[in-house]
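> Here you go, one structure.
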Amino acid sequence: MVRFGLTVVRHGETRYNKEKILQGQGVDEPLSATGFRQADAAGSFLSNVKFTHVFSSDLLRAKQTAAAILGKNRFCKDMEIKYDARLRERKYGVAEGRPLADLKAMAKDAGEQCPSFTPSGGETLDEVRERARDFFEFLCQLAVELEQKEHGKPGAPGRSSGTSGEQFVFPWTNHYSEAETSSEGSGSSTVLDANILVVSHGAYMRNWIGYFVSDLNCTLPENLTKSQLSSVSPNTGVSHFIIKLENENLLKPKITCVCLNQDSHLVDVGAECVASKVF
C-alpha cells in the first residue's frame, strides 16, 4: 500500500484580495505586507513538518508564499520548489482586474449564479476541476514511483514496519484518528511514502476539494459543516489530507481530510480571515 500526506496552502493576501478585485491568471500581483506576514505565520506553523516535495502555482503570489513557508522550515529550507501551471487560479477572462461586484453583475445579467457563472474568456468549473484531477493523479503516480523505488533497493525493509519511510511530525496531530497515527512512540508521527506541500489559490482549491468529496468520496472531519466545505480558504489557510493507494491503484485512492482551511496560525497576524464567496 502506498500512503502519502498532502498539505495544501492558499497564497497570502495581495492588495487585490483586500480590495476584492479578481486576479485570476491575468493579474500577477505580489503579496502585500500582510500577505508576507501570513506566509511567515504559515511557515512557522509548518516549521517542523518534513516535506519530500514542494509544488506551487507559477503565479507570483503563490511563489512568494511557498518561498516564505520553506524559509521557516527546519528541514526544507533549500528544497527546490516545482512550479506548475496546473495549480494556477481559475481564469476569469474579461472579469480579471475588475471588482468582484462586476462578476456578480455579469452573472445576474446572464441569469446565472456565482461561482458557476463563466465570464467571456474564462474557465468553466469543469475545466478547473479537470486541471485539479490531472495534477492529483500526477501526485499519486509520483508517490507510487517513490514507493517502488524504495522497495527496489536491496535489503530495503517494508514501510509497514515503520523502519523505512520517514517519521513526519504534524502540528495538527490531535486531529488524527487512531487509524491515521503511527502505532509507535507517542502517536505524534505517521509513516508515509511521501509528504507533499502544494501552494495554490482560493477558487482552484475549492474546486479541487470538491473533486475529492464528490468524485473520490473523501472522508471529512466529523465537525465540518456544509458552509465550511463550500467556503473559500482564507489567505494561507492550511488543509491536510492522507491518501492511501491500495495495491498501487491510482483509480481508487482512499482520501482522509485531517483538517480543512486551518487558520489558527493567523490569530496574531491582524488580517481578516474571512474569505469572499468567489475569487
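In case it helps, the numbering used here puts the sequence shown at residues 1242 to 1520.
We put the CB at the ideal spot given by N, CA and C, even for glycine.
#1: Between which two residues does the beta strand (DSSP E) harbouring G1246 extend?
#2: Measuring CA to CA, which of K1495, D1281 and I1322 is closest to F1453?
#3: Among L1486, S1505, L1491 and F1376, which one has its Cα closest to the Cα of S1480?
#4: Using C-beta distances below 7 Å, list every residue in its chain close to R1240, excluding the 5 sequence neighbours before and after it, in chain order.
#5: Would you call the CB atoms of R1315 and H1442 closer than 8 Å?
#6: Can you have a look at S1424 and say buried or exposed, based on whether 16 or more other CB atoms are within 10 angstroms of its CB?
#7: From G1253 to S1474, what does the alpha carbon distance come to, in whole angstroms?
#8: From the DSSP output, in three-state form, read off G1363 for me.
#9: Once you ignore the five residues that flank T1293 on each side, which residues in its own chain have a CB closer than 6 Å to its CB?
#10: Once the 5 residues before and after S1288 are set aside, which same chain residues still bring their CB inside 6 Å of it?
#11: So, L1465 versus L1501, is the Cβ gap smaller than 8 Å?
#12: Determine the extent of the beta strand (DSSP E) in which Y1333 is found, giving its start and end residues.
#13: Express the C-alpha separation of M1347 and L1486 in angstroms, rounding to a whole number.
#14: Mind checking which residues open and close the alpha helix (DSSP H) that includes A1346?
#15: Which runs of the beta strand (DSSP E), 3 residues or longer, sit entirely within the region 1458-1518?
#16: Would you give the residue range spanned by the beta strand (DSSP E) that S1297 belongs to?
#17: If you run the structure through DSSP and keep just helix, strand and coil, what is L1438?
#18: Can you tell me whether T1365 is buried or exposed? The criterion is at least 16 other CB atoms within 10 Å of its CB, across all chains shown.
#19: If we count the other Cβ atoms within 10 Å of its Cβ and call it buried at 16 or more, is A1397 buried or exposed?
#20: What residue from E1321, E1270 and V1268 has the CA that sits closest to V1439's CA?
#21: Is K1323 helix, strand or coil when you go by DSSP?
#22: So R1275 is in the alpha helix (DSSP H); what residue range does that whole segment cover?
#23: Tell me which residues share the same chain as S1472 and place their Cβ nearer than 6 Å to its Cβ, disregarding the 5 neighbours each side in the sequence.
#24: Taking only the alpha-carbon atoms, compute the straight-line gap between L1380 and K1349 and give it to the nearest angstrom.
#25: In terms of DSSP beta bridges, what is T1255 paired with?
In brief:
#1: V1243 to R1251
#2: The shortest C-alpha separation from F1453 is found at K1495.
#3: S1505
#4: Outside the shown range of the chain, which is 1242 to 1520, sits residue 1240, and nothing can be said about it.
#5: no
#6: Residue confidence is low: S1424 scores 32 on pLDDT, short of 50, so the model does not pin down where it sits. Its coordinate-derived value is still stated next. By the neighbour-count rule (16 or more Cβ atoms within 10 Å), S1424 is not buried but exposed.
#7: The alpha-carbon separation between G1253 and S1474 amounts to approximately 11 Å.
#8: strand
#9: A1435 and N1436
#10: For S1288, where only same-chain residues beyond five positions count, the Cβ hits under 6 Å are K1313, N1314 and R1315.
#11: yes
#12: Looking at the DSSP string, Y1333 is not in any beta strand (DSSP E), and its letter there is neither H nor E.
#13: Distance between the alpha carbons of L1486 and M1347 is about 43 Å.
#14: Boundaries of the alpha helix (DSSP H) harbouring A1346: L1341 to D1350, taken from the DSSP string.
#15: Runs of beta strand (DSSP E) with 3 or more residues, each lying fully within the region 1458-1518, are found at 1479-1486 and 1495-1503, listed in chain order.
#16: Per DSSP, S1297 belongs to the beta strand (DSSP E) from H1294 to S1297.
#17: strand
#18: exposed
#19: Low confidence applies to A1397: its pLDDT is 46, below 50, so where it sits in the model is not reliable, and the reading given next is rough at best. It is exposed - the Cβ of A1397 has fewer than 16 other Cβ atoms within 10 Å.
#20: Nearest Cα to V1439 within the set E1321, E1270 and V1268: E1321.
#21: strand
#22: The identity of residue 1275 in the sequence shown is Thr, whereas the question assumes Arg. Start and end: A1274 to F1286.
#23: none
#24: 38 Å
#25: The partner list for T1255 (beta bridge, DSSP) reads L1272.
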